[in-house]
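A.B. asks: Take a look at this one; I'll ask things after.
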Amino acid sequence: SQQGEEDPQALSIQEGENATMNCSYKTSINNLQWYRQNSGRGLVHLILIRSNEREKHSGRLRVTLDTSKKSSSLLITASRAADTASYFCATATLNTGGFKTIFGAGTRLFVKA
Amino acid sequence: KAGVTQTPRYLIKTRGQQVTLSCSPISGHRSVSWYQQTPGQGLQFLFEYFSETQRNKGNFPGRFSGRQFSNSRSEMNVSTLELGDSALYLCASNGRNEQFFGPGTRLTVL
Numbered sequence: 387s388q389q390g391e392e393d394p395q396a397l398s399i400q401e402g403e404n405a406t407m408n409c410s411y412k413t414s415i416n417n418l419q420w421y422r423q424n425s426g427r428g429l430v431h432l433i434l435i436r437s438n439e440r441e442k443h444s445g446r447l448r449v450t451l452d453t454s455k456k457s458s459s460l461l462i463t464a465s466r467a468a469d470t471a472s473y474f475c476a477t478a479t480l481n482t483g484g485f486k487t488i489f490g491a492g493t494r495l496f497v498k499a
Numbered sequence: 805k806a807g808v809t810q811t812p813r814y815l816i817k818t819r820g821q822q823v824t825l826s827c828s829p830i831s832g833h834r835s836v837s838w839y840q841q842t843p844g845q846g847l848q849f850l851f852e853y854f855s856e857t858q859r860n861k862g863n864f865p866g867r868f869s870g871r872q873f874s875n876s877r878s879e880m881n882v883s884t885l886e887l888g889d890s891a892l893y894l895c896a897s898n899g900r901n902e903q904f905f906g907p908g909t910r911l912t913v914l
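Which chain is which? The protein sequence lines are A and B, in order. Note that the working numbering numbers the first sequence so that position 42 is 428, with each residue one more than the last. Note that the working numbering numbers the second sequence so that position 11 is 815, with each residue one more than the last.
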């Protein structure tokens with residue numbers, strides 16, 4: 387079963403509004419990453435947050451991590467039509483075999499112009 | 805620094821055939837992971853190779869196999885193709901803490 391579960395499955399907002407996506411996971415992790423995917427293309431890495439970090443910013447993106455609740459959120463501020471894409475969280479766990487990354491089901495974001 | 809390349813980008817096969825997909829990671833990266841993405845199952849981990857050795861494996865049947873060469877390039881092979889193997893196959897070049905994905909190979913099985 388997948389480690390990450392994302393909420394909501396789909397989100398539709400107007401340009402200029404903020405979009406918040408949530409991700410929950412089940413086991414301890416080393417880091418959590420967020421990715422964007424446009425229309426069945428490859429994944430684009432957005433941001434990585436380590437397990438000892440609580441918040442990170444990158445441009446219009448803000449990611450939080452709550453390891454006690456095993457959850458993370460991605461906030462996109464002042465959204466644009468170009469932000470329309472699917473967003474995935476991925477948890478990475480380091481074991482003796484190296485990193486194992488598991489993806490959530492993703493949130494489909496629609497930003498209407 | 806060149807990105808991750810995957811070939812071919814698109815492939816159409818028929819049931820029962822086999823297919824080989826190729827991935828060239830970022831120069832200097834020794835670890836490559838493969839994922840299958842379908843609308844129904846999402847992104848699922850296939851396997852990871854590090855220095856020519858399979859280090860991690862997902863829950864896929866033995867029809868799915870892979871290998872890695874000394875130059876870190878990796879191939880995955882699917883034998884006896886089934887309709888359900890139609891998917892986007894993504895390769896990731898693994899850095900220390902971050903994965904860099906290629907554009908994927910879209911496989912259609914007819």
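Note that CB positions come from ideal geometry on N, CA and C, so glycine has one too. If you're wondering where the values come from, they're calculated on a predicted model, not measured in any experiment.
Taking the beta carbon of B:Thr818 as the centre, do at least 16 other beta carbons fall within 10 Å, making it buried, or is it exposed?
C.D. replies: On the second sequence, residue 818 of chain B is found 14 positions in, with the first residue counted as 1. That one is exposed.
A.B. asks: Got a sec: which bits of the stretch 430–447 of chain A sit with their beta carbon under 9 angstroms from any beta carbon on chain B, in order along the chain?
C.D. replies: Cβ contacts with chain B: Val430, His431, Leu434, Arg436.
A.B. asks: Would you say B:Leu914 faces chain A, with C-beta separation under 9 angstroms as the test?
C.D. replies: Taking the second sequence and counting its residues from 1, one reaches residue 914 of chain B at position 110. By this cut-off, B:Leu914 is not an interface position.
A.B. asks: Is the CB of A:Thr487 under 9 angstroms away from at least one CB in chain B?
C.D. replies: By 1-based counting over the first sequence, the position of residue 487 of chain A is 101. Cβ-Cβ to chain B under 9 angstroms: yes for A:Thr487.
A.B. asks: How would you write the range of the beta strand (DSSP E) that A:Ala471 sits in, first residue to last?
C.D. replies: Start at 1 with the first residue of the first sequence, and residue 471 of chain A comes out as number 85. Start and end: 471–481.
A.B. asks: Whole-angstrom Cβ separation of A:Asp469 and A:Val497, contact assumed at under 8 angstroms?
C.D. replies: Here residue 469 of chain A refers to the residue found at position 83 of the first sequence. Here residue 497 of chain A refers to the residue found at position 111 of the first sequence. With a Cβ gap of about 5 angstroms, A:Asp469 and A:Val497 count as contacting.
A.B. asks: If you run the structure through DSSP and keep just helix, strand and coil, what is B:Gly846?
C.D. replies: Numbered from 1 along the second sequence, position 42 holds the residue referred to as residue 846 of chain B. B:Gly846: strand per DSSP, three-state reduction.
A.B. asks: From A:Ile462 to A:Ala471, what does the alpha carbon distance come to, in whole angstroms?
C.D. replies: Translated into the one-based positions of the first sequence, residue 462 of chain A becomes position 76. Translated into the one-based positions of the first sequence, residue 471 of chain A becomes position 85. Rounded to the nearest angstrom, the two C-alpha atoms are 12 angstroms apart.
A.B. asks: When we look at the beta-carbon of B:Asp889 and count the other beta-carbons within 10 Å, is it buried (16 or more) or exposed?
C.D. replies: Numbered from its first residue, the second sequence carries residue 889 of chain B at position 85. Answer is buried; the Cβ neighbour count reaches 16.
A.B. asks: Are three or more beta carbon pairs between the stretch 846–861 of chain B and the stretch 821–832 of chain B nearer than 8 angstroms?
C.D. replies: Touching, no.
A.B. asks: Taking 9 angstroms as the CB-CB limit, is B:Leu911 close to chain A?
C.D. replies: On the second sequence, position 107 is the one that residue 911 of chain B refers to. B:Leu911 does not count as touching chain A.
A.B. asks: Extract the residue ranges of the beta strand (DSSP E) inside the stretch 870–913 of chain B, only unbroken runs of 3 or more that lie entirely within it.
C.D. replies: 878–882, 891–898, 903–905, 909–913, all fully within the stretch 870–913 of chain B.
A.B. asks: Is B:Gly846 close to chain A, meaning its C-beta is less than 9 angstroms from at least one C-beta of that chain?
C.D. replies: Here residue 846 of chain B corresponds to residue number 42 of the second sequence, with the count starting at 1. Yes, B:Gly846 counts as interfacial toward chain A.
A.B. asks: List the whole-angstrom C-beta distance separating A:Leu418 from A:Ser454, where the pair is believed to meet the contact cut-off of C-beta under 8 angstroms.
C.D. replies: Residue numbering aside, residue 418 of chain A sits at position 32 when the first sequence is read from its first letter. Residue numbering aside, residue 454 of chain A sits at position 68 when the first sequence is read from its first letter. Not really, about 14 angstroms apart at Cβ, beyond 8 angstroms.
A.B. asks: Give me the Cα-Cα distance between B:Ser835 and A:Leu432, rounded to the nearest whole angstrom.
C.D. replies: Residue mapping note: residue 835 of chain B aligns to position 31 of the second sequence, counting from 1. Residue mapping note: residue 432 of chain A aligns to position 46 of the first sequence, counting from 1. Approximately 20 angstroms, taken between the alpha carbons.
A.B. asks: So what does DSSP say about A:Ala405, is it helix, strand or coil?
C.D. replies: Locating residue 405 of chain A in the first sequence gives position 19, counting from the first residue. In this structure, A:Ala405 counts as strand in the three-state DSSP scheme.
A.B. asks: So, are the CB atoms of B:Gln903 and A:Thr487 less than 9 angstroms apart?
C.D. replies: Taking the second sequence and counting its residues from 1, one reaches residue 903 of chain B at position 99. Taking the first sequence and counting its residues from 1, one reaches residue 487 of chain A at position 101. A contact, by the Cβ cut-off of 9 angstroms.
A.B. asks: Grab the span of the beta strand (DSSP E) containing B:Val823 for me, first residue to last.
C.D. replies: Start at 1 with the first residue of the second sequence, and residue 823 of chain B comes out as number 19. B:Val823 -> beta strand (DSSP E) spans 823–828.
A.B. asks: Enumerate in chain order the residues of its own chain whose CB-to-CB distance from B:Glu886 is below 7 angstroms, with the five nearest sequence positions on each side excluded.
C.D. replies: Residue numbering aside, residue 886 of chain B sits at position 82 when the second sequence is read from its first letter. Closer than 7 angstroms at Cβ, skipping near neighbours: Arg819, Val913.
A.B. asks: Quick one, which of A:Leu429, A:Thr406, A:Glu391 has its alpha-carbon nearest A:Ser398's?
C.D. replies: For the purposes of this step, residue 398 of chain A is taken as the residue at position 12 of the first sequence. Comparing Cα-Cα distances from A:Ser398 to each of A:Leu429, A:Thr406, A:Glu391, the minimum goes to A:Thr406.
A.B. asks: Counting contacts by CB-CB distance shorter than 9 angstroms, is B:Val882 in contact with chain C?
C.D. replies: Absent from the structure is chain C; the protein chains it does hold are A and B.
A.B. asks: Tell me which same chain residues have a C-beta within less than 7 angstroms of the C-beta of A:Gly492, skipping the five on either side of it?
C.D. replies: Counted from its first residue, the first sequence places residue 492 of chain A at position 106. Result list for A:Gly492: Glu392, Ser472, Tyr473, Phe474, in chain order.
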